[in-house]
Amino acid sequence: MSLLLIEIFIMVGTIIYGLMKGGALGSGVSAIVALFIMLFIFKLPPSSPPVTAVLIIMSIGIASGALQASGGMDYMIRVATKIIQKFPKAITIVAPLVCFLFVFGMGTAMIALSLEPIISETALKSKVNPKGALISSVLASNMALLCSPASSSTAYVVTLLAAYGISLGTYLTIALPATLLSIIMLSILLSLVNKKLPFDESILEDMIIAEEETELAPAAKKSTIVFLLCVLCIIVLGLFPSLLPEYNVDGDPVRIATADLVQMFMYLSAAINIILFKVKSKDILHAPATANALGATLIVLGLGWVGSTIFGAPKNQAVLVSSVGQILADYPWVIIFICAFVAMIIGAQTAVAAIIFPLALTLGISPMLLIIIVQCLNVNFVIPAQPTLLLAVELDRTGRTKVFSFIIPGIIITALSIALSYGITLFM
908 MSLLLIEIFI
918 MVGTIIYGLM
928 KGGALGSGVS
938 AIVALFIMLF
948 IFKLPPSSPP
958 VTAVLIIMSI
968 GIASGALQAS
978 GGMDYMIRVA
988 TKIIQKFPKA
998 ITIVAPLVCF
1008 LFVFGMGTAM
1018 IALSLEPIIS
1028 ETALKSKVNP
1038 KGALISSVLA
1048 SNMALLCSPA
1058 SSSTAYVVTL
1068 LAAYGISLGT
1078 YLTIALPATL
1088 LSIIMLSILL
1098 SLVNKKLPFD
1108 ESILEDMIIA
1118 EEETELAPAA
1128 KKSTIVFLLC
1138 VLCIIVLGLF
1148 PSLLPEYNVD
1158 GDPVRIATAD
1168 LVQMFMYLSA
1178 AINIILFKVK
1188 SKDILHAPAT
1198 ANALGATLIV
1208 LGLGWVGSTI
1218 FGAPKNQAVL
1228 VSSVGQILAD
1238 YPWVIIFICA
1248 FVAMIIGAQT
1258 AVAAIIFPLA
1268 LTLGISPMLL
1278 IIIVQCLNVN
1288 FVIPAQPTLL
1298 LAVELDRTGR
1308 TKVFSFIIPG
1318 IIITALSIAL
1328 SYGITLFM
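Numbering (this note's numbering), first residue to last: 908 to 1335.
The structure is reproduced here in structure tokens:
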């Protein structure tokens, strides 16, 4: 047990050092250093790298990059902005729902970064404290990623659980309504709290609201429609797998796996942009969404690889089964705190899932329980390192939104999501 703890300490230490030196990307690269230590010093047998997760992230990154290069992302931001500005007095409730909807459709939280200035300005213009709207929007954006078939974290979790008979339809039936209801409940709560806070009207004197709209690229709207149709196809085929073609392999019926389905439709979206809408390949490669995907692949590759090497080693598994496994057998809900702690340190949903979920399944945790607690992968609001969180703090001219203002609402919304997910499973 002591040797396992030393290995975990080295892994966590290198990851934290990487975070301090190079952010999330630094943690992914430094995790490879920990992998070298495990293989050459501790002589642990190497595990397989999380190739499926990496391939999914790359396909989504290329599709998102193509959407961004074609102007589709700007078009979506414009549509979302108009919806938010249409209901200024109810912004604490409307803004997080809009963020959820568009992140769900796009599969990336990048759109939330562009909407946060709009949310802050619209709230102030309407003499509403922006704190509640900003906090709920940041949390809603992160949670939407674990409901979107176009996000790498959802695709990875569903692919992992598919081996246990869990389909995309089952996953979304639990995660989607529970997440959406928890966002609405938190938004209403923050809206009530917001009304009790006095508004400082002197802030409006120095405000300059930009009303100018930039011209959209010709293919922006068409590119958005293509991307959303591809996402819709993933959802429909995931909900109704009988619509997929069936192949006969060695006498057994075989259908396309969820992971392959996601990649195929994401690359199809990018291909249509290149072939029909004349989007240049170099513009896709230089798009921020593509660059972010490359960073995410390194994070998942490094953290997932070293994590599976440590926890997948036969001697370590024997220790875990006899110690942690017994605790989880008696108190399975302890996995909530384990998952939340790792998410708090690492911050990347797919990377946390790649480390914790295979380990949990090995130790006998039910796949349904992992769906119930899936939003624990989002406990990245304790250590203030997320770009959406930090930007929200910067944008609040009232100064009420602090870096630690997200902790209590984050815990509340995570607890609500778990409770609602559990409630849904009782009727399945």
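For each residue, glycine too, the CB sits at the ideal point set by N, CA and C.
All values derive from a computational prediction rather than experimental measurement.
- Per DSSP, V1035 is not a residue of any alpha helix (DSSP H), being assigned neither H nor E.
- The three-state secondary structure of V1156, taken from DSSP, is strand.
- Distance from the CA atom of V1286 to the CA atom of D1159, rounded to whole angstroms, is 42 Å.
- In this chain, the alpha helix (DSSP H) harbouring C1006 covers I998 to M1013.
- Non-local beta-carbon contacts of F949 in its own chain, meaning distances under 8 Å to residues more than five positions away in sequence, involve L910 and E914 in chain order.
- Membership of K950 in any alpha helix (DSSP H) is not indicated, and neither H nor E is assigned to it by DSSP.
- Residues of the same chain with a CB within less than 6 Å of the CB of S1215, apart from the 5 flanking positions on each side, are S954 in chain order.
- If you compare the alpha carbons of M980, L1031 and I964 with that of K996, the shortest gap goes to L1031.
- Put simply, of V1186, R985, A1047 and S1060 the residue whose alpha carbon is nearest the alpha carbon of I1318 is A1047.
- In the three-state DSSP reduction, V1064 falls in the helix class (H, G or I).
- Taking C-alpha positions only, L1333 is separated from T1077 by approximately 13 Å.
- Collapsing the DSSP output to three states places V1138 in a helix.
- The C-alpha of I1278 lies about 20 Å from the C-alpha of I1234.
- Remark: fewer than three beta-carbon pairs, one from each stretch, lie closer than 8 Å, so the region 1041-1056 and the region 1226-1246 are not flagged as touching.
- Straight across, the Cα-Cα distance linking P952 with L1284 is about 27 Å.
- Rounded to the nearest angstrom, the gap between the Cα atoms of A1203 and S1055 is 17 Å.
- V1143 is not bridged by DSSP to any residue.
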